[in-house]
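As numbered in the numbering used here, residues 6 to 224 make up the sequence shown, in order. Just so it is clear, CB atoms sit at the ideal spot from N, CA and C, and this is done for glycine as well.
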Amino acid sequence: EEPLDNYKRIVLSISKWCKPYRRARVVEIDFGLIKEYRDEKLISLNIIEEINLIGDTVPSNELVFTIDNSDRAFNILNPDGFYRFLRERQEVYAYMGVMVNEETEDVEEFEYVPMGKFYLTEWKSDEGTLTTTFTARDVFEILENIEYISIADTTLYDLAEDILIKAGIKDYVIDERLKTINTRGFTEPLSSRAALQCVAIAGECIVNQNRHGVGLIVS
6 EEPLDNYKRI VLSISKWCKP YRRARVVEID FGLIKEYRDE KLISLNIIEE INLIGDTVPS
66 NELVFTIDNS DRAFNILNPD GFYRFLRERQ EVYAYMGVMV NEETEDVEEF EYVPMGKFYL
126 TEWKSDEGTL TTTFTARDVF EILENIEYIS IADTTLYDLA EDILIKAGIK DYVIDERLKT
186 INTRGFTEPL SSRAALQCVA IAGECIVNQN RHGVGLIVS
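See below:
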């Protein structure tokens, strides 16, 4: 756990390796903390899930949760807090605990069900109530601010895939039937979210994100 911020370059040096004449492969580097909030710290949690069946918009699911900030960890003036590490688009995962052994009173056992993958958009600390409220939305909120320049003379499947890849989305499922529908693409740049909406209208599809953070385009 290192309080790193405002860095522009990271140099990783491997000075010793357990097997000589072998290459070391760095898969991932994580900085900061993974914070988990349960009943004792979580004051409220609201999730709005929307789906549009006629294609006139691509709705974005929203997560709003409030935590106990009595330790002032998220106060802007606390030099030892976490406020300065908060950034837009940080990943937030929500889970609901379902009790699986109601008949046993001594030990409570829960099965946690994923409720979605979200990206942080807003946060606000309330000094009066010693709480901090966070707002996060799913990937389609990010797509609104990513411009898309279209490919031409393709299929709706390849067009949808190109939109998602250029937006940096790796987990997605696209209906195979869109491969049979040809399109000329878009003549002018537009937002990636609007582009997906047009694909949904042309292919009579529904665009949404499931609770595992996978983008779905299904007809």
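**Prompt:** L91 to N11, Cα distance in whole Å?
**Reply:** Here the C-alpha atom of L91 lies approximately 12 Å from the C-alpha atom of N11.
**Close-in-space but distant-in-sequence residues of the same chain around V31 (CB under 6 Å, 5 per side omitted)** = Excluding residues within five positions, none has a Cβ falling inside 6 Å.
**Asked** Assuming F145 contacts R198 under a Cβ cut-off of 8 Å, what Cβ separation, rounded to an integer in Å, is found between them?
**Response** The C-beta distance from F145 to R198 rounds to 6 Å, short enough to meet the 8 Å contact threshold.
**Request:** Kindly indicate which residue of R14, I19, R43, L58 has the alpha-carbon position closest to the one of I206.
**Result:** Comparing Cα positions, the closest option is L58.
**C203, buried or exposed, once every other Cβ within 10 Å from all chains shown has been counted against 16** = Under this definition C203 is a buried residue.
**Prompt:** Is L47 helix, strand or coil by DSSP?
**Reply:** Three-state DSSP puts L47 in a strand.
**Message:** Using CA atoms only, rank isn't needed, just tell me which of I81, G208, V103, W128 is closest to V97.
**Reply:** The option with the nearest alpha carbon to V97 is W128.
**Request:** State yes or no: is the C-beta of I179 within less than 8 Å of the C-beta of I222?
**Result:** Yes.
**Prompt:** What do you get for I174, buried or exposed, if any count of 16 or more other CB atoms within 10 angstroms of its CB means buried?
**Reply:** Around the CB of I174, 16 or more other CB atoms lie within 10 Å, so the residue is classed as buried.
**Request:** With DSSP as the reference, label L309 as helix, strand or coil.
**Result:** Examination of residue 309 is not possible in this model, given that the chain is present from 6 through 224 alone.
**Request:** Could you pull out every unbroken beta strand (DSSP E) segment of at least 3 residues lying fully inside the region 54–88, listed in chain order?
**Result:** Correct list: 67–73.
**Request:** Thinking S155 and F191 are a contact (beta carbons under 8 Å), I'd like their distance in whole angstroms, please.
**Result:** So it is a contact: roughly 4 Å between Cβ atoms.
**Message:** Under 8 Å: do the region 123–138 and the region 152–168 share three or more Cβ pairs, one atom per stretch?
**Reply:** No, the region 123–138 is not in contact with the region 152–168.
**Asked** Are I52 and T71 closer than 8 Å when you measure CB to CB?
**Response** With respect to T71, I52 sits apart: the two C-beta atoms are not nearer than 8 Å.
**Message:** Between which residues of its own chain and S196 is the CB-CB distance below 6 Å, once the five residues before and five after are set aside?
**Reply:** The answer, listed in chain order, is E149.
**Prompt:** From V69, L68, G86, E67, pick the residue whose C-alpha is nearest to that of D76; which is it?
**Reply:** Checking every option, the nearest Cα to that of D76 belongs to G86.
**Nonlocal neighbours in the same chain, by C-beta distance under 6 Å from L68, ignoring five residues either side** = Closer than 6 Å at the Cβ level, and outside the excluded window around L68, lie I52, A99, F123, A141.
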